[in-house]
Amino acid sequence: MNSDQLFASIKAGLDSLQQDLPDGAIAKLARLLTELERWNRRVNLTAIRDLETMVSGHILDSLTVRPLLEGRRVIDVGTGAGFPGLPLAIAEPQIEFGLLDSNGKKISFVQHVIGELGLSNASAIRARAEDYAPAERFDTVIARALASIPKLLQLAGHLIREEGVLLALKGKHPAAELESIEEIPGWKYVVTDMTVPGLETHARHVVCLRRVDTA
């Protein structure tokens with residue numbers, strides 16, 4: 309896939325999602341993927357190796373959650389090679405994004421891309437979620453395939469503002485995990501079935517978790 313084909317593939321996917329991006333954003337998304345492919349040749353960053361699959365599996369899958377973001381401070385917990393955080397930071401330059409992971413090689417890649425693309429609204433954070441203590445909590449916490457929802461609440465619940473939301477990106481409908489949430493006091497949830505261009509139907513669900521208002 310050459311650069312023109314990559315650009316066209318990303319644009320077609322965005323059209324399917326009915327999302328508009330800032331000027332220059334598609335070029336940045338394409339650069340993100342070419343850098344990922346290049347780094348993947350010497351460092352194992354992601355299981356997806358070819359650009360065509362990266363478009364749907366990384367870029368479009370990441371941007372699917374964009375309409376669910378809230379507030380001006382977002383953290384991507386367990387970001388890995390920067391997904392979904394980097395595509396979201398490219399798409400939403402007015403939002404501040406923290407991209408957190410404990411893997412040094414992956415965070416080095418994230419730092420590299422932030423510098424290469426000039427993403428002044430994004431910062432790479434090398435830490436374990438349970439040990440990270442920010443000065444200010446976040447409006448939205450995102451986690452893609454990091455842990456079960458009960459474990460995720462244990463690891464990252466302290467990062468969410470009282471009125472904030474935790475977006476847990478899951479594959480197929482996580483019925484068993486949802487049953488376990490009902491046993492955890494203080495949280496409520498809504499499940500959204502997302503359509504990702506290039507992925508099979510019902511391949512992505514987002515569980516939106518909030519604290520129960522006890523006032």
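In the working numbering, the protein residues as written are 309 to 523.
Where is the CB? At the ideal position from N, CA and C, for every residue including glycine.
What did DSSP end up calling residue i once you bin it into helix, strand or coil?
i: Glu-404; result: strand
i: Leu-475; result: strand
i: Ser-488; result: helix
i: Val-421; result: helix
i: Ala-335; result: helix
i: Ser-324; result: helix
i: Ile-356; result: coil
Leaving out five residues on either side along the sequence, give the residues of the same chain with a beta carbon under 7 Å from the beta carbon of residue i.
i: Glu-360; result: Met-309 and Ser-317
i: Ala-397; result: Phe-405, Leu-427, Asn-429 and Ala-430
i: Pro-401; result: Pro-330 and Asn-429
Across which residues does DSSP place residue i in a beta bridge pair?
i: Tyr-526; result: A question about residue 526 goes unanswered here, because the residues of the chain that appear run from 309 up to 523.
i: Arg-512; result: Met-502
Got a sec? Which residues, its chain only, sit under 8 Å from residue i by beta carbon, not counting five neighbours each side?
i: Val-504; result: Ser-364, Leu-368, Asp-369, Thr-372, Ala-511 and Arg-512
i: Thr-509; result: Thr-503
i: Gln-327; result: Leu-371, Arg-374 and Ala-399
Discussion item. With three or more beta-carbon pairs closer than 8 Å as the criterion, would you say the region 426–434 touches the region 358–367?
Written reply: Touching, no, given that fewer than three Cβ pairs across the two stretches are closer than 8 Å.
Worksheet item: In chain order, which continuous runs of the beta strand (DSSP E) of length 3 or greater are located wholly inside the region 368–418?
Response: Listed in chain order, the complete beta strand (DSSP E) runs (minimum 3 residues) inside the region 368–418 are 381–385 and 404–409.
Item to complete: Please determine if the region 342–352 and the region 408–422 are in contact, where contact requires at least 3 C-beta pairs separated by less than 8 Å.
Response: Contact holds: three or more Cβ-Cβ distances are below 8 Å.
Item to complete: Check whether the region 467–483 touches the region 374–385, counting contact only when three or more Cβ pairs, one atom from each stretch, lie closer than 8 Å.
Response: Contact between the region 467–483 and the region 374–385 is established, with three or more Cβ pairs separated by less than 8 Å.
Worksheet item: Does the pairing of the region 453–462 with the region 482–490 give three or more beta-carbon distances under 8 Å?
Response: The region 453–462, when compared against the region 482–490, does touch it at the 8 Å Cβ threshold.
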